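The letter at position 265 of the sequence shown is residue 265 when you use our numbering, and the numbering goes up by one with no holes. Where a beta carbon is used, it is the ideal one built from N, C-alpha and C, also for glycine. These figures come from a predicted structure and were not determined experimentally. One structure is given below, encoded as structure tokens.
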Amino acid sequence: MSHIVTCENLVVTYRASNGPVRALDGVDLTISEGETLAIVGESGSGKSTLGMAMGRLLPAEAEREDGRMDVAGQPVFDIAANDLRELRRDLLGFVFQNPMVALDPTMRIGRQMQRAMGRRAGSEEIHALLERAELDDPARVAKSFPHQLSGGMAQRVVIAMASARTPRLLIADEPTASLDASIRDKVMGTLCRLRAESGASLVILSHDVHMIARHADRVAVMYGGRIVEQGPTGRVLDAPVHPYTRALLKAAAGHEKPGDWLTPIPGTPPLLSARCAACSFEPRCTVSEENCHTTRPEPREVEGREVLCLLAGTQTEPKEAAR
Ligand SMILES: Nc1ncnc2c1ncn2[C@@H]1O[C@H](COP(=O)(O)OP(=O)(O)OP(=O)(O)O)[C@@H](O)[C@H]1O
Ligand code: NI
1 MSHIVTCENL VVTYRASNGP VRALDGVDLT ISEGETLAIV GESGSGKSTL
51 GMAMGRLLPA EAEREDGRMD VAGQPVFDIA ANDLRELRRD LLGFVFQNPM
101 VALDPTMRIG RQMQRAMGRR AGSEEIHALL ERAELDDPAR VAKSFPHQLS
151 GGMAQRVVIA MASARTPRLL IADEPTASLD ASIRDKVMGT LCRLRAESGA
201 SLVILSHDVH MIARHADRVA VMYGGRIVEQ GPTGRVLDAP VHPYTRALLK
251 AAAGHEKPGD WLTPIPGTPP LLSARCAACS FEPRCTVSEE NCHTTRPEPR
301 EVEGREVLCL LAGTQTEPKE AAR
């Protein structure tokens, strides 16, 4: 299968007043055409940086230090500004957490839709697209200003706009986090439906492991600027191999059975200023051994997924921390 995204050893550093922050510490990732990939991890693990890097939409203080990111066969960090603009416009669609940021508050939705479609689309065409995003009264929505819409409606408009040019890759960064809990799953469903209709690939970046579980073909778990486990959703969530994935699933509310405890992950996520020479999860890991402290893990195939853990596959039954 061909890949829409190929990311190799990508290193991105932010220049900050209190020293550099190595937000991506060597990311290896591929995304297939038509696939839905969820990237999950704690706050600060580098999800948004990785998502933005796919469109090279990083702030000025960010620098690609090493590695590459190919999108639709083009190395986004090494192409001319013109080609990059074209790539963003024709091949990529973005959905962010807050729909109001993506919408122009002074312009009616219909006009913004027309701009997103990139041609003189008639109102019927615009209404049809809004309807596909499951907005009930498209004519009224098209006449509205953004502030007249609910958060859920506004995000549906953004989803319609992101899909307007039939992109090959949709990147959704916490697309439902700002919405009322009762409609999150429905809006997510709309995004996934539009994706399926167009055959695009979709990357969902989220804290919420269980929300994405229903929608993603594959899951990539990020920790300390690296992808520590990636593989088919069922495999990774039902039988996680990396100790961090296990801890993350235990800490995530939503699927606990009566009598189960939610166990917060003790310790704090790493703040990387330089290349991590060891396993970045080692300080918080309950099963780590001597060499985890001294050896940087490289991706290995274990039980049908890729894992960055020196111990993965060496223990038949992982020792769990006592409750
Ligand atoms: N503009 C910036 N300047 C300096 N540091 C930054 C900047 N943007 C992000 N960072 C740092 O880079 C690291 C990765 O941030 P990023 O936003 O990619 O993580 P995230 O996984 O998306 O987190 P969240 O779930 O909170 O959105 C964090 O340590 C963050 O503080
Ligand atoms: Ni983020």
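Asked	Found
Continuous alpha helix (DSSP H) stretch holding Gln-114: start and end	109 to 117
Close-in-space but distant-in-sequence residues of the same chain around Met-113 (CB under 8 Å, 5 per side omitted)	Ala-121, Ile-126, Leu-129, Leu-130, Ala-142, Val-157, Ala-160, Met-161 and Ala-164
Where Ser-123 sits in the DSSP three-state scheme	helix
Limits of the unbroken alpha helix (DSSP H) element including Arg-193	181 to 198
Expected contact under 8 Å - CB spacing of Leu-146 and Ile-109 to nearest Å	The amino acid occupying residue 146 in the given sequence is Pro; Leu does not appear at that position. Contact holds; Cβ gap of about 7 Å.
Proximity of Val-12 and Thr-49 at Cβ, strictly below 8 Å	yes
Member of Cys-279, Cys-285 and Glu-303 whose CA lies at the smallest distance from the CA of Thr-294	Cys-279
Any 3 or more C-beta pairs closer than 8 Å across the region 280 to 288 and the region 218 to 231	yes
DSSP bridge partner residues for Ile-39 (one or two, in chain order)	Leu-205 and Ala-220
Distance, Asp-137 Cα to His-215 Cα	27 Å
For Met-54 and Ala-213, the rounded distance between their alpha carbons	22 Å
C-beta atoms of Cys-292 and Val-241 nearer than 8 Å	no
Length of the line joining the Cα atoms of Arg-85 and Leu-92	10 Å
Inter-stretch contact at 8 Å, needing at least 3 Cβ pairs: the region 180 to 200 / the region 243 to 251	no
Contact test: Ser-178 Cβ vs ligand 2 heavy atom, cutoff 7 Å	no
Residues whose Cβ lies closer than 7 Å to any heavy atom of ligand 2, in chain order	Lys-47, Ser-48, Asp-173, Glu-174 and Leu-205
Beta-bridge partners of Tyr-14, as assigned by DSSP	Val-21 and Ala-62
For Thr-314: DSSP bridge partner residues	The partner list for Thr-314 (beta bridge, DSSP) is empty, contrary to what the question assumes.
Whole-Å CB distance - Val-27 paired with Leu-169, under 8 Å assumed	Not quite, the Cβ-Cβ distance comes to about 16 Å (not below 8 Å), so this is no contact.
Exposure of Asp-83, with buried meaning 16 or more beta-carbon neighbours within 10 Å	exposed
Check: Glu-229 C-beta below 7 Å from any heavy atom of ligand 1	no
Start-to-end residues for the beta strand (DSSP E) that takes in Pro-175	No beta strand (DSSP E) contains Pro-175, which DSSP labels as neither H nor E.
Terminal residues of the beta strand (DSSP E) in which Leu-308 lies	No beta strand (DSSP E) contains Leu-308, which DSSP labels as neither H nor E.
Neighbourhood of Glu-42 by C-beta distance below 8 Å, restricted to the same chain and skipping five residues each side	His-207, Tyr-223, Leu-248, Ile-265 and Pro-269
Beta-carbon spacing of Pro-75, Arg-68 below 8 Å	yes
Proximity test, Gly-44 beta-carbon vs ligand 1 heavy atom, cut-off 7 Å	yes
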